[in-house]
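Position 102 of the sequence shown, counted from 1, bears residue number 803 in the working numbering, the numbering being contiguous throughout.
Each residue gets a CB set at the ideal place from its N, CA and C atoms; glycine is no exception.
Just so we're clear, the structure is a prediction, and the values are computed from it rather than from any experiment.
Structure first, then comments.
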Amino acid sequence: DIFSKLLQERIICLNGPIDDTVSASIVAQLLWLESDNPDKPITMYIHSPGGSVTAGLSIYDTMAYIRSPVSTVCLGQAASMGSLLLAGGEKGKRYALPHSSIMIHQPLGGTQGPASDILIYANQIQRTREQVNEIYRKHLNAAFDHEKYNLKDVEEMMERDKYLTAQEAKDMGIVDEILTRRDDKKPDTKEDGSSK
């Protein structure tokens with residue numbers, strides 16, 4: 702199938718909601734590509750409304766864990782955990798296509814049951830929120846090579862759903878560049894255009 706062909710070219714497509722099944726597939730692809738060639742970059746195309754925080758964090762942690770640099774590209778949308786994965790790409794290699802929509806917000810959750818269980822869940826969701834905010838702070842600041850955002854700034858940004866255009870995402874530091882067209886240089890030519 703087409704996704705297998707893309708994987709041979711070191712391209713991973715994250716399409717749709719992020720759940721445990723999608724996460725397991727993406728993690729396996731990342732690990733396989735690293736074992737195939739740890740020094741060669743991987744490109745992950747993201748078009749996702751987000752999803753499970755734990756499933757998304759397993760992808761994020763794997764991206765950081767492997768030796769292969771992972772470039773991220775938003776096409777369509779990268780919302781919620783999708784935007785965290787977009788921001789978590791290799792510094793200088795995080796991209797959005799011009800009409801991409803990026804959305805950030807605090808983690809969502811809900812539970813029912815005895816008050817003591819609800820309190821345990823509330824404490825856990827708060828810890829998760831702090832983790833996610835720290836990840837965003839790290840990657841947003843990396844885009845500027847200095848501490849532009851402190852944790853309080855990020856908490857305020859994440860308080861409500863915040864939708865961003867590709868340009869706004871670049872200005873904020875979620876992506877490094879907006880792509881409009883593939884580079885015209887053929888991969889098998891030198892800088893001066895001659896064949897290798």
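Which partner residues does residue i have in the DSSP bridge list?
i, result
"VAL774", "TYR746, TYR796"
"ASN716", "HIS748"
"GLU878", "TYR796"
"ILE803", "ALA779, LEU865"
Pick helix, strand or coil for residue i, following the three-state DSSP scheme.
i, result
"ASN842", "helix"
"LYS863", "strand"
"LYS891", "Because LYS891 carries a pLDDT of 44, less than 50, the predicted location of this residue cannot be relied on, and the following value inherits that uncertainty. Of the three classes helix, strand and coil, the one that applies to LYS891 here is coil, per DSSP."
"ARG828", "helix"
"ASP854", "helix"
"LYS849", "coil"
"ASP818", "helix"
"SER759", "helix"
"ASP872", "helix"
"SER705", "helix"
"SER784", "helix"
"GLU710", "coil"
"GLU835", "helix"
Quick one: give me the first and last residue of the alpha helix (DSSP H) that residue i is part of.
i, result
"ILE767", "Looking at the DSSP string, ILE767 is not in any alpha helix (DSSP H), and its letter there is neither H nor E."
"ASP737", "721-737"
Tell me which residues share the same chain as residue i and place their Cβ nearer than 7 Å to its Cβ, disregarding the 5 neighbours each side in the sequence.
i, result
"ASN834", "LEU852, VAL855, GLU856, MET859"
By Cβ distance, which residues of its chain are closer than 8 Å to residue i, with the 5 residues on each side in sequence left out?
i, result
"GLU869", "ILE803"
In its own chain, which residues sit with a C-beta less than 6 Å from the C-beta of residue i, not counting the 5 before and 5 after it?
i, result
"THR649", "A question about residue 649 goes unanswered here, because the residues of the chain that appear run from 702 up to 897."
"ILE767", "LEU731, GLU735"
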